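Quick note on numbering: our numbering labels position 185 of the sequence shown as 192, and the sequence is numbered without any gaps.
Think of the CB as a built atom: it goes at the ideal place given N, C-alpha and C, for glycine as much as any other residue.
All of these numbers come straight from a predicted model, not from anything done at the bench.
Accompanying notes for the structure given below.
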Amino acid sequence: MTDIDLPKGTVLPNHIAMILDGNRRWARARGLKPWEGHYYGFKAVEALAYASRDLGVHTFTVWAFSTENWERSKEEIDAIMNLFRKALKEKEKEFHRDRVALIHLGRKDRLPKDIRSELTRIEADTAKYSANHVFNLAIDYGGRSEIVRAAQKAIDSGIAFSELDEKSFEKFLDKHIFRIFLRKS
Numbered sequence: 008m009t010d011i012d013l014p015k016g017t018v019l020p021n022h023i024a025m026i027l028d029g030n031r032r033w034a035r036a037r038g039l040k041p042w043e044g045h046y047y048g049f050k051a052v053e054a055l056a057y058a059s060r061d062l063g064v065h066t067f068t069v070w071a072f073s074t075e076n077w078e079r080s081k082e083e084i085d086a087i088m089n090l091f092r093k094a095l096k097e098k099e100k101e102f103h104r105d106r107v108a109l110i111h112l113g114r115k116d117r118l119p120k121d122i123r124s125e126l127t128r129i130e131a132d133t134a135k136y137s138a139n140h141v142f143n144l145a146i147d148y149g150g151r152s153e154i155v156r157a158a159q160k161a162i163d164s165g166i167a168f169s170e171l172d173e174k175s176f177e178k179f180l181d182k183h184i185f186r187i188f189l190r191k192s
């Protein structure tokens, strides 16, 4: 349990989202390889996610890999994908122990097959915990990409354009809106 004293009457948000940014700059400033920065960034976010959960925050979202990140070097992408592999393997038991649902946000079709399979399997296995806590992991996610995918889902659903408004369109988006958005930079 996180040992933090909050002022009386503090109301915590239900959903916190964080974008990982600045890991390469942090690593370079310390003479490290870019992927070492990603590893330390992962550890920092892990601590924040645990603290948020322990304080009663229902949903924690980490935007870990954007659609634009595919433009990085193959070496860096491979290192990041290996970090995802390791994290999924290590955290799966904790998701069950702590009753946390893992939800992937973004495209799965461009991810390596083994990561895609693990994400899909863990999502299905932990879905029953969504009333307790949710950890959204945005990999190969981009806002514009999400809008295009949501529009395609709306078209595929057969909804009439005249019936489409913000509220009805929201059900085609990946997930609901967060209350606090942190950018680690």
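Through-space distance from residue j to residue i, alpha-carbon basis
i, j, result
"threonine 66", "phenylalanine 168", "32 Å"
"tyrosine 47", "asparagine 30", "8 Å"
"asparagine 143", "tryptophan 33", "24 Å"
"arginine 92", "glutamate 78", "20 Å"
"alanine 138", "glycine 38", "43 Å"
"isoleucine 26", "valine 52", "10 Å"
"leucine 13", "phenylalanine 49", "25 Å"
"glutamate 125", "arginine 114", "14 Å"
"isoleucine 162", "valine 155", "11 Å"
"phenylalanine 176", "isoleucine 166", "10 Å"
"asparagine 76", "glutamate 170", "35 Å"
"serine 80", "leucine 55", "28 Å"
"glutamate 97", "histidine 111", "17 Å"
"tyrosine 57", "threonine 127", "23 Å"
"glutamate 173", "threonine 17", "31 Å"
Spatial neighbours of residue i in its chain, beta-carbon cut-off 6 Å, leaving aside the 5 residues before and after
i, result
"aspartate 5", "There is simply no residue 5 to check, as the chain begins at 8 and stops at 192 in what is shown."
"isoleucine 187", "Unreliable positioning characterises isoleucine 187 in this predicted model, as indicated by a pLDDT of 47, which lies under 50. The coordinate reading is nonetheless provided below. Pro20 and Ile23."
Cross-strand partners of residue i (DSSP beta bridge)
i, result
"phenylalanine 142", "Phe67 and Leu109"
"serine 137", "Looking at the DSSP assignment, serine 137 forms no beta bridge with any residue, so it has no partner."
"serine 73", "Tyr148"
Among the options, nearest to residue i - alpha-carbon criterion
i, options, result
"histidine 103", "Arg79, Ala94 and Thr133", "Thr133"
Beta-carbon proximity list for residue i, same chain, < 8 Å, skipping 5 on both sides
i, result
"lysine 160", "Phe179"
"valine 107", "Arg60, Glu101, Thr133, Tyr136, Asn139, His140, Val141 and Phe142"
"isoleucine 129", "Leu95, Glu99, Phe102 and Leu109"
"aspartate 116", "Arg123"
Other residues of its chain near residue i: CB distance less than 7 Å, five sequence neighbours each side excluded
i, result
"glutamate 153", "Leu180 and Asp181"
"isoleucine 87", "Trp42, His45 and Phe72"
"glycine 63", "Leu19"
"glutamate 82", "none"
"proline 119", "Met88"
"alanine 157", "Phe176, Phe179 and Leu180"
Sufficient close CB pairs (3 or more, under 8 Å) joining the region 70-85 to the region 148-158: As far as the Cβ criterion goes, the region 70-85 touches the region 148-158, which means the pair count is three or higher.
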